[in-house]
Amino acid sequence: RKKDLVKLQLGEYVSLGKVEAELKTCPLVENICVYGDAHKSYTVALVVPNPRHLEEIAANLGINNASLEELCENPQIEKAVLQELIEQSKK
1 RKKDLVKLQL GEYVSLGKVE AELKTCPLVE NICVYGDAHK SYTVALVVPN
51 PRHLEEIAAN LGINNASLEE LCENPQIEKA VLQELIEQSK K
């Protein structure tokens, strides 16, 4: 990445590396890349989930015998993953 500090549409500065470092502490995150655009008021995170943790989430939701690809495409899993990332970002 050329610059770590990004100014968003509303003038807020965000350190993408700092956001990545914080979200990497979440057991769900295997790898992450955060992107910010000066024309948007938010950042976007591309998350590679930890397969074991994803399987744990699936088991808690009663989803069994699904491939990693199926888990990543499942709306229930997506919602649970997003919720976990939101909780992590509040810490």
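Numbering follows full-length UniProt numbering, in which position 57 of the sequence shown is assigned residue number 57; successive positions increment by one, without gaps.
Just so it is clear, CB atoms sit at the ideal spot from N, CA and C, and this is done for glycine as well.
Using DSSP's beta-bridge definition, name the partner residues of residue i.
{"i": "residue 36", "result": "43"}
{"i": "residue 89", "result": "Note: residue 89 sits in no beta bridge, so no partner."}
{"i": "residue 49", "result": "29"}
Could you have a look at residue i and say whether DSSP puts it in helix, strand or coil?
{"i": "residue 30", "result": "strand"}
{"i": "residue 3", "result": "coil"}
Please determine, among the options, the residue with the shortest C-alpha to C-alpha distance to residue i.
{"i": "residue 8", "options": "23, 20 and 44", "result": "44"}
{"i": "residue 68", "options": "51, 60, 81 and 5", "result": "51"}
{"i": "residue 40", "options": "74, 10 and 2", "result": "10"}
{"i": "residue 30", "options": "21, 37 and 36", "result": "21"}
{"i": "residue 14", "options": "57, 34, 54 and 86", "result": "34"}
{"i": "residue 56", "options": "3, 16, 85 and 81", "result": "81"}
Compute the distance between the beta-carbons of residue i and residue j, then report whether it is under 8 Å.
{"i": "residue 23", "j": "residue 85", "result": "yes"}
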